[in-house]
Structures are given as C-alpha cells and as structure tokens.
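Enquirer: Taking the numbering used here, the leading residue of the sequence shown gets 33, the next gets one more, and so forth. Note that CB positions come from ideal geometry on N, CA and C, so glycine has one too. If you're wondering where the values come from, they're calculated on a predicted model, not measured in any experiment. The structure is given below, and queries will be raised subsequently.
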Amino acid sequence: MSSNLPLLDPLVQLYVPASRTNEALKNDLIAHCQDILKSHIGHKTEASFSHLTDLVKRRLLQLSPSGSSASKFTNLVLRLLDQPVLSRKQEAILFLFTLSSLNSRQSHAAQIPPLNHALLTKLQPDPTPTMPTPYAEERTRSNAARLSEFRARRGMPYLSESLLVRDTLFLMQGISGKYVRFASSKDDEKTLVFSSDPKDVIAPPTQALIHRLAELGYLYSRVESFIREREKTSGVGMIEQSLCHYMQAQLTEYYRLIAVLETQLSSYHKDRHDDHSQDAPEILETGLSLRRLDVWVNEWRLRMRMMSVCVEGARGSHGGALVNLIHSYTDNGDPFVRKFTDELLEEVSRPFFATLHKWLFSGELYDPLEEFFVSADSSLGHIPYVHPSSLSGGINHFPNDGVFGGFNGDNDDLSGMRESGQKLWETKYRFQKDMLPMFVGESFGRKIFSTGKSLNFIRYSCLDSDWVVTRQKMSNTSGTLQYGDISGLERSIDTAYQLASHRLFEVFIDKFKLLEHLSALKSFLLLGHGDFADQLMETLGPSLARPANTLYRHNLTANLETAVRSSNAQQDPVDVLRRLDARMLEYSHGEIGWDVFTLEYKVSPPIDTVLDQEAMEKYLKLFKHLWQMKRIEKTLDKGWMKITGGAKSFIRLPELAFEWHKIRIAMTEMIHFIRQLEAYYRLEVIECSWKVLIDFLNKKQGDLDALIDAHRNYLHRTTKKILLWHSKLGKEEMLLRQLTDLFTFILQFREATDNFYNYCLTESARRDQKMDEERGVYTGNNQDQISDPSDVIAGLLSRIRDYGSGFSERVQTLVQQLQVHPDLDCRFLAIRLSFSDYYRSKKDQQANQTKP
C-alpha cells in the first residue's frame, strides 16, 4: 500500500482544505486512510461492480427517500466508467463507501447497518476476512471522543465545560467571566468577546450555546438599570413604582435560581476533587452542564424578555398609558406570555384601581402624579350652593314685606358665580382618552368619568355629602376592584353610574326645583302665561312707546309687579317670582322702549349648570322675538276693534265705504298671519319640544351631561323653529329678516290706518256740524274746511295700499321659501299660512287658469 501514499496526499488535501496548512492533520488523515486500505480494501475483490453500486444506491435511498441522490450517483458512475484516467474504479468507489459508513455510523446506527464482515464477505473472495484491532476499537468511540483525543495529541484541547459553566453563570448576571466577557458596543448593547488565547479554545457550537445563555445577562442588566434609574428619579408615578417593585421581586427570584445553580456547580467540583477513581469523569454527566443550564433557565429567558419589553415601553409611557401598554401584550397566543402579563398587570394596576375606587365611590380624585385618565384643573375650587336669600343686592335681596322685593335689584352679584358654577362642571375635570386602559373601554371610561364628577358635584355644589359618604361606606364593604375581575368591575361601574345619576336627578328636581325653573322660563320668557303677557303689554305699552332714554327701571319693575298681581302668574312659587326681573338692554340714540325692553330670569348655582349663560341668552333672544309678535298681535286687535266699532261714524262718508272694506280685508289677512304664526310657535314648536324634555326628566336616565344636552336640544329646537333658521350656510337668518320686515309693514299699515281713521272722524264731524247749521243748530265748534280733501284722501289711501300690497307680496315670498324649507314643521307653517292657496305664485295661478 506504500504505492498509494503519493495518491492519498492530494486526495486528503482536496477533501480536507484545513490539511493544506496543517501538516499534523494531513499526516493523521493519511494514516487513517491507510488503515482503512490495509483492513480490507487492499484485498482483491471479485464482487461484481453492479452489486457494489446497488449497495451504494440502497444506502443513498435510505438517506434520501426521494431518490434524487441515487439518481445523481448513477449518473456519476456512468460518467466514471467512460473516463480512462482511473484504472481501479471499483476499489475507489468501495473506499469512499467505506469512509462514509464509518463517519455516519454513530448518527445513523438505527437506520443504516454498518459495513460489517457479512457485507464485506459479499464484496471480497476471502470467506473469513478479519477487522484489525485498531479499527475495532475505533468503531466503539464517538467522533467527539476521537476529535478530543486528536486535539489533545496536537496540543489544542478545548476548554473544560465546568470552566465555561462558571463563566456562563457570571454572564447570566451581567458580569464578565474569565474566558468570556461582555464588551459594550456603540449602541449600548452588550456583545460577547471570547478568549483569544490559543490554549483556551471554545468550540463554535459551545459559543452559540453561551451566546444563548448570555442573553439572560443582557436582559437582566437592562431591567436592573431601569429599576436603579427609577429609584434615583424624583416624581416617578405610583404605577411605575409598582412596575419596579414587581420586577425587583422577579429579579430576587432570579437571584435564588443563580444561587442554586452555583451551589450545584460547587458541589460538582468538590465531588470531582475528592474522587480520584476512573469514574470521576462520569460526574459531568450527572452534574451541571451548559445544555442542562439552558433547559433550566428557558422559562426565565421568556420572563426576562417580557420584562425587557415592558422596560422599553415604560420609558415613554406614564400612568394609565403604561397599564394600557402592558395590557396590549396579553393579546398573545403563548399561554406563558399571557399568564406572565396577567400577573404583571395584577400588580402594576393596583394604584390605578385604588384611584379608581376613590373616584368611583366618593367623587374624590387623588392623583398627585397625574396617572389617572381623569385630570383636574386645580385653579377651580369647590363652589358651594348659595341660596339667593343669603346674597345682598339685586334679585337676591328679598325683603320680608313682599314677594316682589327682588324686582329692583341688579344681577352683578350672581354673574361671577354663574360663570364659576358652569366651569365647575364643564372644565374642572377632563377626560383623557390616551390614559384610559384598554381593559376598561371608552364606554365604561365615560361612565366612570361621569360617575365621579356627579358625586363630586353632589357633595360640594349640592351640599349632599351625607349621601356620598353613605355610598362610600357601602362600597368599602363590597370588596375591592382588581384586574383579575373585569366582569365584576363592569358591574360595579354600571351600578355606581346608575345610582349617582339617579341621585343627581333627584337633587336637581326635588331639592333645587329644576322643573319649576324650566316652567317659569317657559311661562314668562316664552310668554306661556297668556294673561300675564296681556297684562304686561297693557301696563307697559304707553311707556315703551317713549324714547328709551326716558325710561327708568323702577317704573318697569313696578309695571311688572302689577302684571303679575293681576294675572294667574301670582300663583307661581315665591322663589320663582323673585327671580323675575325687568330691565333695558343697551340702547342707542333714536331707539324707543319697545326696542330695548326685556324680561330676565336669574338663576344661581347649581341650577346655572343647566341654565348656563348661553342658554339664558337664547331665552332672551326668544323673548324679544315673541314679545315683538305679541306687540303686533295687540296692535292688530286694537286696530280691528277701532275700525269695526267706529263703522257707524263713517255712515256720512259713503264714498269711502269701499276703501274701509278693503282695509278690513287687508287687516284680516294680517290677523290671520299673526294667529297662524302664534299657533305654530305655541303648539307645534314650544309644546312639542317641552313634551320631549319632560319625558326625559321623568325617566331620570343618564347623568348631568345628558340633562344639560336634553335642555340644550330643547332650547336649540325651539330657537331654530321659532326664528325659522335655515340650515344652508349664509341663509341662517334670511327668513327671520323677512319676518321682521313683515312686522314692520304691519306697524306701518296700522299707523296709516289710524291716520285715515282720524281723517274720517274729522270729516264726519265736519259734515255733522254742517247739517246742524242747515237745521239752524249751532254747536259753536267751527272747523276749518280742508283746502283739498281729495288730495289728503289720495295720500292716505296710497300709503295704506302700498303697505297692504307690500305685506301680501312679502308673505307670498315667505310662504314660497317655507314650502322648500328643510325643516318639516316649517313646511307645515307654509300650509297654515296658505291653506287655500291664497299665496300661490302668479305663475301657478296663470297655469291653473289656462287649464281647460
């Protein structure tokens, strides 16, 4: 076989590149190949070439059932047979087959039988070939043992695993070891550096395993540095403190695990030092190894990863947002991750639930570090309810000698309190959606926010703290809120919300008489008391016709008191009447009393939370419009009574009878317009909107915000329909301006009619005097003859016709616009005004006339 030595040298260098530079490795591999050749390859074989290829194919099919390797081998064999370079083709294939059988015997012993004596007997003519003793020993040793022995012979042994285990235990605590250490990179992420000493060689698979175990040390360092950082930082929230406390407890458990592992490692070294027998190396199989260490810390690796993720999220989150972040990790298919996150949330959410309990059952917000999803405006303190009788001046000064002593007051004392009372409810507490945990949900979060705000309002603004304290004591005995009982939390939220809302309705309706105040606004400012409005119009009419700068407030309040005493309004509660006041708005030069007069209803906390400044301004706007319409109504009533009652005086003016007939028709048209408009306002707008509001109050459902919204909707609907607001941008008050123009035309028509009436009276009296003189009766009242009566009559009648026709044209335009109004009630108003198609457009009239 010495002749094969020059051939083995290039063959070994071809298949083992490392042997090209390592002379010892090359010699060792050549010697190994020679042993194989000497064992059985060198004998002359008579086995057929086809039988050998069948053995190889069978082996390849076992390794690769798909058959691709066997097909490739067949192709290569056919190509090999065509090559003249290699003379001993069968021996070469047998040599390679024998090598592959030896190298894979350990890993495939169960699937592929080794190339034993029986197999060789089939390949060789010698019936009893024998295996050399060195090869038989080689078969019983593993590849790892042979490689270890080989490295020992060459002076390159691997480091002992016990030393690596000790270093790994240090690495798992974030501490560098003797042979493996941490090196910080630029991005502050630790990297592993292995010993560069050629005597301390660590196999690549072992390095990968150490890398895997060292991840625990890296994660441990991140978590520990976060905890230490928060310990040194001031103003850390209670939720973050709970997070740090839980993580510190986890690290303590991790310390115990490391201590147990170090104890086992120390015990292993002691046993190995005491035992000098041949069985001493067996201790490693029953002691601590890197692979066993990897198995034991696998669960802790997952824990550390989750803790590290929470640490990263906690750096940019705060309070409820941090709870929300941790809760998002529960959406995971891994049961371990879900369980760990639930345990973490149970601990971290304790401060949140403590704050929630106090807010939900007592209305108190204790959140010094602003971690809750409810924030408070510290500039707004608690504003208690103040009874109007305790304030001096204005409407709130009620003398004992009369019910209407408050009419002459000023409202400056309550203006500031009205603004503060409104702010107390609307702006003192704010809902922060980004701080709301997901396991609560926005709908329940809104209920929690409303419940605490209601309790706070009941306690400090409504002075009903006894009920709140009782509720708080009951809640303390019913258990605590916690993350593990979400269904119980939802039930508690619903119950607390319903109780607080119902109590708030009771306080407003029963204690503070909200319904009485709303009825008073409807009766006085919306002129629901018809007899009161008539009496007030009668008493104030002469005064309001004068310039505004000649009016005095005490006269207005005196007339107001007279109107109340002479109508059914005197049956209203005393507290309601004391809040009623008459005053003048700011006026400019040339305005009269009708332009600046208004009624005012004054409210105090906590009622001003519902009847806020904006709502009262809308009430005043509605009163001004309805008061103007009431003026038009009374003006037309008086005018109609005058022209019908004075008809006998016009007998002596038969030539003007037809003109008076046309005046009566025009005035009837105006009265119809006002009557239908008033019926629409009263029946279809105010009363229908009022019924919706009353139904809501009777149900007593929802919180104070719902009550405020219900009143605002009632007022908005009433204002929109009374003032005929249009939804199209730029046309909101278009119809209101047209309606105001119609009122102006009615007043002008009424004034022109009065002038014509006075002329007719004068002319009738003159004709009576003339007839008396013809009979010889002298009354002594010499009235001058009008120079040209026809000119005077023509001028008077011209103005009357202009105002009458102008009114009809504008009503026709108004009706046409109401017919296409987006609001259904406004379209019904158009039907009321033109129920007989009287205001049908001329185009429609002509179209109907041309029909056969």
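1. Measuring CB atoms only, is the region 830-841 touching the region 766-784, in the sense that at least three cross pairs come out at less than 8 Å?
2. Would a C-beta distance cut-off of 7 Å place F105 and L92 closer than the cut-off?
3. For M470 versus H359, is the C-beta distance shorter than 7 Å?
4. Counting only runs of 4+ residues fully inside the region 761-810, write out the alpha helix (DSSP H) ranges in chain order.
5. Within this structure, are the beta carbons of L850 and L861 separated by less than 7 Å?
6. Give a single yes or no on whether G671 has its beta carbon closer than 6 Å to a heavy atom of the ligand ADP.
7. Let me confirm a value: D399 is counted as buried when at least 16 other C-beta atoms fall within 10 Å, else exposed. Which label applies?
8. Quick check on the DSSP output: the beta strand (DSSP E) that includes R615 runs from which residue to which?
9. Can S381 and V355 be called in contact, C-beta distance under 7 Å?
10. Quick check: what's the CA-CA separation for Q603 versus F564?
11. Exposed or buried, which one is T483 when buried takes at least 16 other CB atoms within 10 Å?
12. Using alpha carbons as the reference points, say which of T582, L113, V608 lies closest to S82.
13. Have a look at S194 and L320 and give me their C-alpha separation to the nearest angstrom.
14. For I234, which residues does DSSP report across the bridge?
15. Tell me which same chain residues have a C-beta within less than 8 Å of the C-beta of L558, skipping the five on either side of it?
16. Which value, in whole angstroms, describes the spacing of the CA atoms of H549 and W722?
17. My output table needs one value for E402: the three-state DSSP class, helix, strand or coil.
18. Check whether the region 332-340 and the region 247-257 are in contact - that is, three or more C-beta pairs closer than 8 Å.
19. Taking the continuous beta strand (DSSP E) assigned at K222, which residues delimit it?
20. L57 to V48, Cα distance in whole Å?
21. At 4 residues or longer, and completely inside the region 489-551: list those alpha helix (DSSP H) runs for me, N to C.
22. Once the 5 residues before and after I740 are set aside, which same chain residues still bring their CB inside 6 Å of it?
23. So who's on the other strand from I624, going by DSSP bridges?
24. I believe W626 touches L576 by the beta-carbon criterion, under 8 Å. Please report the beta-carbon distance rounded to the nearest angstrom.
25. Going by CA-CA distance only, name the one from A698, E247, P383, L377 that's closest to E331.
26. Which same chain residues, not among the five before or five after D496, have their C-beta less than 8 Å away from its C-beta?
27. Within 8 Å, do at least three Cβ pairs link the region 610-626 to the region 519-537?
28. Take the Cβ of C720 as the centre, count every other Cβ of all protein chains shown within 10 Å, and call the residue buried at 16 or more, exposed below.
29. Straight-line CA distance for M803 to S598?
30. Which residue wins for smallest C-alpha separation from M279, given the options R347, L376, L245?
31. Quick one: measure Cβ to Cβ for E701 and S868, integer angstroms, because I've assumed they're closer than 8 Å.
32. Across the region 283-299 and the region 199-210, are there enough close Cβ pairs to call them in contact, namely three or more that are closer than 8 Å?
33. Check for me: the alpha helix (DSSP H) holding E649 runs from which residue to which?
34. Among E593, T582, A647, which one has its Cα closest to the Cα of V628?
35. Who does L631 pair with in a DSSP beta bridge?
36. Tell me whether Y190 sits in a helix, a strand or coil according to DSSP, three-state version.
Expert: In brief:
1. The region 830-841, when compared against the region 766-784, does touch it at the 8 Å Cβ threshold.
2. The residue labelled residue 105 in the question sits at position 73 within the sequence shown. The residue labelled residue 92 in the question sits at position 60 within the sequence shown. Closer than 7 Å, so yes.
3. Taking the sequence shown and counting its residues from 1, the one referred to as residue 470 is at position 438. Taking the sequence shown and counting its residues from 1, the one referred to as residue 359 is at position 327. Contact flag set, yes.
4. The region 761-810 contains these whole alpha helix (DSSP H) runs: 766-806.
5. On the sequence shown, residue 850 is found 818 positions in, with the first residue counted as 1. On the sequence shown, residue 861 is found 829 positions in, with the first residue counted as 1. In terms of Cβ geometry, L850 and L861 form a close pair [threshold 7 Å].
6. Absent from the structure shown: the ligand ADP. Ligands present: none.
7. The sequence position of residue 399 within the sequence shown is 367, counting from 1. Around the beta carbon of D399, 16 or more other beta carbons sit within 10 angstroms, so the residue counts as buried.
8. Sequence index remark: in the sequence shown, residue 615 carries index 583 (1-based). Looking at the DSSP string, the run of the beta strand (DSSP E) that includes R615 is 612-616.
9. By 1-based counting over the sequence shown, the position of residue 381 is 349. By 1-based counting over the sequence shown, the position of residue 355 is 323. Closer than 7 Å, so yes.
10. For this step, residue 603 is matched to residue 571 along the sequence shown. For this step, residue 564 is matched to residue 532 along the sequence shown. Going by the C-alpha atoms only, they are around 12 Å apart.
11. Here residue 483 refers to the residue found at position 451 of the sequence shown. Under this definition T483 is a buried residue.
12. In the sequence shown, the residue the question calls residue 82 occupies position 50. The option with the nearest alpha carbon to S82 is L113.
13. Position 162 of the sequence shown, counting from 1, holds the residue named residue 194. Position 288 of the sequence shown, counting from 1, holds the residue named residue 320. Distance between the alpha carbons of S194 and L320 is about 8 Å.
14. The sequence position of residue 234 within the sequence shown is 202, counting from 1. The beta-bridge partner set that DSSP reports for I234 is empty.
15. Your numbering for residue 558 matches position 526 in the sequence shown. Counting only Cβ-Cβ distances below 8 Å, and skipping sequence neighbours, we find Y651, L654, F655, L658, I718, T750.
16. Here the question's residue 549 lines up with position 517 in the sequence shown. Here the question's residue 722 lines up with position 690 in the sequence shown. H549 and W722 have their C-alpha atoms some 13 Å from each other.
17. The sequence position of residue 402 within the sequence shown is 370, counting from 1. The three-state secondary structure of E402, taken from DSSP, is coil.
18. The region 332-340 is in contact with the region 247-257.
19. Taking the first residue of the sequence shown as 1, we reach residue 222 at position 190. 222-226 is the span of the beta strand (DSSP E), which, as asked, contains K222.
20. Here residue 57 is taken as the residue at index 25 of the sequence shown, counted from 1. Here residue 48 is taken as the residue at index 16 of the sequence shown, counted from 1. Distance between the alpha carbons of L57 and V48: 9 Å.
21. Counting only unbroken stretches of 4 or more residues, the alpha helix (DSSP H) elements lying wholly within the region 489-551 are 497-509, 518-538, in sequence order.
22. Translated into the one-based positions of the sequence shown, residue 740 becomes position 708. Cβ neighbours of I740 beyond the five flanking positions: V642.
23. Numbered from 1 along the sequence shown, position 592 holds the residue referred to as residue 624. Answer by DSSP bridge pairing, in chain order: P579.
24. Residue mapping note: residue 626 aligns to position 594 of the sequence shown, counting from 1. Residue mapping note: residue 576 aligns to position 544 of the sequence shown, counting from 1. Sure, about 5 Å apart at Cβ, within 8 Å.
25. Numbered from its first residue, the sequence shown carries residue 331 at position 299. The shortest C-alpha separation from E331 is found at E247.
26. The count along the sequence shown starts at 1 and reaches residue 496 at position 464. Excluding positions up to five away in sequence, the list reads I490, R535, V539, K543.
27. Proximity of the region 519-537 to the region 610-626 falls short of the contact definition, fewer than three beta-carbon pairs being nearer than 8 Å.
28. As a position in the sequence shown, residue 720 is number 688, starting the count at 1. Around the beta carbon of C720, a 10 Å sphere encloses fewer than 16 other beta carbons of the protein chains shown; the residue is thus reported as exposed.
29. Counting from 1 along the sequence shown, the entry for residue 803 is found at position 771. Counting from 1 along the sequence shown, the entry for residue 598 is found at position 566. In a straight line, the C-alpha of M803 is about 47 Å away from that of S598.
30. Taking the first residue of the sequence shown as 1, we reach residue 279 at position 247. Distance check between M279 and each of R347, L376, L245 places L376 closest, using alpha-carbon atoms only.
31. Along the sequence shown, read from residue 1 onward, the residue named residue 701 stands at position 669. Along the sequence shown, read from residue 1 onward, the residue named residue 868 stands at position 836. Incorrect: roughly 12 Å between the Cβ atoms, too far for contact.
32. Yes, the region 283-299 is in contact with the region 199-210.
33. Start at 1 with the first residue of the sequence shown, and residue 649 comes out as number 617. Its alpha helix (DSSP H) spans residues 645-677.
34. Sequence index remark: in the sequence shown, residue 628 carries index 596 (1-based). Checked all of E593, T582, A647; the closest Cα to V628 is T582.
35. Locating residue 631 in the sequence shown gives position 599, where the first residue counts as 1. Residue pairing of L631 in beta bridges, as defined by DSSP: A614.
36. The residue you call residue 190 lines up with position 158 of the sequence shown. Taken through DSSP and simplified to helix, strand or coil, Y190 comes out as strand.
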